[in-house]
């Protein structure tokens, strides 16, 4: 599977297709989606700068509906994170093919999130917010542990050291993304995507499977 094919499969719907409605309204079939769209815009400015009331105003709903759907700000933050990363949708095909190409496919999936103009801003803001806000850090930590690390750990056998290997892979991906997209340090920030995904994918492959067979004999 090529980087291009993975990015095409992950393409987000056109954000302009969502209709903005005026005034507060009760729950409708798309209320949850409207709240998530408004929250995505708000969280792009940072976790601390976002409030339930501001999200409600952006979605045109009563704040009580946000509590009803998400339980509050932390639950909403997790829902936006889940919507940006989509672990069930994105990681399932990556893990379904076994471990032979798991590194390159995982790298393509991860960088695809950052290349998506809709999904990147809230994800970037969440990583930055987690560095300075304890509540944001806890939500991000639980999400990564339960939705990403746990899946990877099982995929590489679930044996001794599998969780550490998964965390090493995750730390490499996040570090590379921060340098490329947040801190914008050349030459990594200017390199073509294919030139980044290839080497990073091979490194991730090494973390997840390199030396495992020998270590478990």
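In the working numbering, the protein residues as written are -17 to 199.
No residue lacks a Cβ here, since even glycine has one placed at the ideal position from N, Cα and C.
Nothing here was measured: the structure is a model prediction, and the numbers come from that model.
Counting C-beta neighbours from all protein chains within 10 Å, is the total for residue i 16 or more, i.e. buried, or is it exposed?
| i | result |
| --- | --- |
| residue 166 | exposed |
| residue 153 | exposed |
| residue 48 | buried |
| residue 32 | buried |
| residue 135 | buried |
| residue 89 | buried |
| residue 5 | Because the pLDDT at residue 5 is just 45, under 50, the model does not fix this residue reliably, and the value given afterwards should be weighed accordingly. Exposed, by the Cβ-count rule. |
| residue 159 | buried |
| residue 16 | buried |
Assuming residue i and residue j are in contact, meaning their beta carbons sit under 8 Å apart, how far apart are those beta carbons, in whole angstroms?
| i | j | result |
| --- | --- | --- |
| residue 97 | residue 175 | 7 Å |
| residue 56 | residue 121 | 5 Å |
| residue 137 | residue 84 | 7 Å |
| residue 37 | residue 58 | 7 Å |
| residue 92 | residue 155 | 5 Å |
Could you name the residues of the same chain whose beta carbon sits closer than 8 Å to that of residue i, not counting the 5 residues immediately before and after it, in chain order?
| i | result |
| --- | --- |
| residue 86 | 179, 180, 183, 184, 186 and 187 |
| residue 161 | 167, 170 and 171 |
| residue 130 | 67, 69, 73, 148 and 152 |
| residue -2 | For residue -2, the predicted structure reports a pLDDT of 40, less than 50, and the residue's modelled location is therefore unreliable. A value from the coordinates is still provided. Excluding residues within five positions, none has a Cβ falling inside 8 Å. |
| residue 163 | 96, 102, 106 and 171 |
| residue 126 | 152 |
List the endpoints of the continuous alpha helix (DSSP H) containing residue i.
| i | result |
| --- | --- |
| residue 110 | 102 to 112 |
| residue 75 | 69 to 78 |
| residue 21 | 13 to 25 |
| residue 130 | Run containing residue 130: none; DSSP gives neither H nor E here. |
| residue 185 | 175 to 191 |
| residue 204 | Given that the chain is displayed from residue -17 to residue 199, the structure contains no residue 204 and the question cannot be resolved. |
| residue 120 | 116 to 125 |
| residue 141 | Looking at the DSSP string, residue 141 is not in any alpha helix (DSSP H), and its letter there is neither H nor E. |
| residue 170 | Per DSSP, residue 170 belongs to no alpha helix (DSSP H) and is neither H nor E. |
| residue 94 | 84 to 97 |
Tell me which same chain residues have a C-beta within less than 6 Å of the C-beta of residue i, skipping the five on either side of it?
| i | result |
| --- | --- |
| residue 107 | 25, 26 and 28 |
| residue 14 | 51 |
| residue 240 | The structure shown does not extend to residue 240, since the chain spans only -17 to 199, so no value can be given for it. |
| residue 112 | 118, 119 and 122 |
| residue 191 | 81 |
| residue 144 | 135 and 138 |
| residue 104 | 22, 25, 26, 62 and 66 |
Which residues in the same chain have their Cβ closer than 7 Å to the Cβ of residue i, if we skip the five residues on either side of it in sequence?
| i | result |
| --- | --- |
| residue 3 | Confidence in residue 3 is poor, its pLDDT being 40 and thus under 50, which makes the residue's placement too unreliable to answer from. |
| residue 23 | 40 |
| residue 53 | none |
| residue 21 | 37, 58 and 62 |
| residue 189 | 147, 150, 151 and 154 |
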